[in-house]
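Input: a single structure, listed below in structure tokens.
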Amino acid sequence: MQVFRTIAEFSRWRAAATPSVGFVPTMGYLHEGHLSLVRRARSENDSVVVSIFVNPTQFGPHEDFQRYPRDLNRDLGLLDTAQVDAVFTPAVDEMYPAGASTMVEVEALSNILEGASRPGHFRGVATIVCTLFHVVHPDRAYFGEKDYQQLQVIQRMVHDLRMPVKVIGCPTIREPDGLAMSSRNVYLTPTERQAAVALSRALSQAKRLSKDDVWEASRLQEEVQKMLDKEPLIRTDYVAIVHPQTLQPVDTAVTAEAVMCLAVWIGPTRLIDNIRLRAGEG
Ligand code: AMP
């Protein structure tokens with residue numbers, strides 16, 4: 000496995016890489032969720048590239064950019080074991096040199112849900128992923144459904160800008176008790192960690208209720224909100240039921256598919272999760 004810190008060095012490797020390249024962009028502090036994307040990339044491509052870059056432009060001024068967990072040596076060990084070919088881990092000024100001022104914005108999807116609470120977040124995400132795609136030139140790129148809105152933002156960007164890359168969404172990997180794996184789970188105290196189980200429990204309850212042939216979004220949202228309210232450490236930001244691609248609210252469903260997305264605060268930590276709902280199906 001080769002590790003590159005500059006675009007110039009990486010590009011020399013890329014020019015000689017075997018025909019299909021699978022790419023997994025990450026911010027590091029890797030867990031099984033990231034590794035599931037790497038394994039999928041490994042099984043579908045000749046070469047696998049992983050980037051590790053904590054992207055400053057997707058963090059708000061009062062968010063956790065400085066304290067975001069980092070452990071490069073451990074990450075490199077995990078990626079080596081997973082038979083990754085190349086890791087690209089640039090410094091901030093390699094990706095944003097002095098004078099850089101071009102940003103990418105996927106307008107219709109960026110100011111709702113996570114974007115409403117984190118202004119500029121998806122602008123930062125789209126900009127760095129666009130830049131990384133231009134550096135890495137992947138044939139396929141792998142993203143987790145855990146960050147559902149992010150996946151839709153990237154799909155839309157690739158479609159709108161005719162980028163020659165296939166974006167592949169991969170299922171959310173969970174802890175045994177249901178909590179979606181996240182690098183940010185490390186912020187949780189033991190009591191907060193226990194409280195965090197309420198997210199996946201509430202989503203599973205919504206899924207159970209949506210197995211009725213006709214369901215109402217407001218009813219499912221209320222049920223989920225009630226379950227979250229039982230947990231005093233949780234402060235809900237939003238519980239939303241949205242169209243899988245447009246992310247616009249869905250009121251009711253007879254046969255349609257929808258996604259329930261939620262975001263909560265547990266102490267100073269923000270957690271998100273989601274589940275697909277399909278009327279009349281398990
Ligand atoms: P991050 O390092 O948090 O930016 O995540 C890098 C990629 O891993 C993104 O595509 C995430 O959606 C994905 N990812 C993070 N957590 C999980 C998880 N629990 N299951 C599946 N994919 C995940």
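Per numbering that gives the first Met the number 0, the sequence shown runs over residues 0 to 281. A virtual CB, placed ideally from N, CA and C, is assigned to each residue, including glycine. Computed from a prediction, not measured in an experiment: that's the story for all the values here.
- By the 16-neighbour rule on beta-carbons within 10 angstroms, E221 is exposed.
- When the Cα atoms are used, E191 and I265 turn out to be separated by approximately 6 Å.
- Under a 10 Å Cβ-count criterion, G98 is classified as exposed, with fewer than 16 other Cβ atoms of the shown protein chains found around its own Cβ.
- Sequence-distant Cβ neighbours of D79 in its own chain, meaning closer than 7 Å and more than five residues away, are M0.
- Using a Cβ distance threshold of 8 Å, Q244 and Q148 do not count as a contacting pair.
- The C-beta distance from A125 to V105 rounds to 5 Å, short enough to fall under 8 Å.
- For T235, the enclosing beta strand (DSSP E) begins and ends at I233 to V241.
- No heavy atom of the ligand AMP is found nearer than 7 Å to the CB of H61.
- Excluding sequence positions up to five before and after S116, its CB lies within less than 7 Å of the CB of D236 and A262, all in the same chain and listed in chain order.
- Counting C-beta pairs with one atom in each stretch, the region 21-28 and the region 63-73 have three or more that are closer than 8 Å, which means they touch.
- The beta-carbon separation of V128 and I153, rounded to 6 Å, stays under the 8 Å limit for a contact.
- Taking C-beta separations shorter than 7 Å and ignoring five residues to either side along the sequence, A7 has no partners in its chain.
- Shortest Cα-Cα distance from N44 to any of P170, G59, V83 and L34 involves V83.
- Comparing alpha-carbon positions, the option among R234, T5 and R155 lying closest to A194 turns out to be R234.
- Closest by C-alpha distance to V2, out of F87, D63, V23 and A216, is F87.
- Distance from the Cα of V196 is smallest, within the candidate group L178, L208 and G21, for L178.
- Under the DSSP assignment, I153 falls in the alpha helix (DSSP H) whose first and last residues are Y147 to D159.
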